[in-house]
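The block underneath contains the structure these notes are about, expressed in structure tokens.
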Amino acid sequence: MKEVVIVAGVRTPVGRYMGSLKDVQPYELGAVVLDEAVRRAGIEPTIVDHVIMGQSYQNGEYVNIARMSLLKAGWPESIPGVTLDSRCCTGLDVVRHAAAIIASEQAEIIVAGGAESMSNAEFYLPGSIKWGIGGSKGMPKGHGDLSTWGLPLYDRIQRARVMSQPEER
């Protein structure tokens, strides 16, 4: 089994909810850290085999933050980008996945990380409403169910918190 080492670490900027970074998309934050990670490691993006990133609140505009970030950074289109979504500890999961891929000799250089923007987490309509069937499924009281014109509109941040836990407590 191949030895795996971490050669650089970078942190995305941290801001307040709806603060100064509210207009910065997660893939833009991702592009900044990807570029800084390879700079600190002393390598060129062209020798990177894979990019693996974590993000918990993807939306329809950027469903694969790893791919979007590497393209935004201007990296080669030939580099695959894979995104993990596991709510908690995603950053550690991507490092673990990257290490396993390198250890199994399927790749030599992987940039692993993540980015998030809680300010950019979307609101959404459930599929049953979107398709005109009418909403029949709710969620536990007080956990992100908003009424707009009589339609349920869900806040993904609030819904994810409660939906990642058993309903019966």
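Read in the UniProt record's numbering, the sequence shown has 140 at position 140, and its numbers run on one by one without any break. In this text, a Cβ means the ideal position worked out from N, Cα and C, and glycines have one as well. Keep in mind that this is a model prediction, so the values were computed, not measured.
Check: Glu122, buried or exposed, once every other Cβ within 10 Å from all chains shown has been counted against 16; Outcome: exposed
Check: Simplified DSSP state of Ala8, which is helix, strand or coil; Outcome: coil
Check: Residues of its chain near Ala37, where Cβ-Cβ distance is below 6 Å and the 5 sequence neighbours each way are ignored; Outcome: Ala8, Val10 and Val111
Check: Min CB distance Gly42 to chain D below 9 Å; Outcome: No chain D appears in this structure, which consists of one protein chain only.
Check: 9 Å Cβ cutoff met for residue 248 and Ile65; Outcome: In the structure as shown, the chain starts at 1 and stops at 169, and residue 248 therefore has no counterpart that could be examined.
Check: Residues that Leu84 bridges to, as DSSP identifies them; Outcome: Gly54
Check: Residue burial classification, Met1 (beta-carbon count within 10 angstroms, cutoff 16); Outcome: exposed
Check: For Ser86 and Leu21, believed in contact at Cβ under 8 Å, the rounded distance; Outcome: That belief does not hold up - the Cβ atoms of Leu21 and Ser86 are roughly 23 Å apart, past 8 Å.
Check: Rounded separation between Trp46 and Ile109 - CA only; Outcome: Going by the sequence as given, residue 46 is Thr instead of Trp. Approximately 10 Å, taken between the alpha carbons.
Check: Tyr27 and Ser69 closer than 9 Å at C-beta; Outcome: yes
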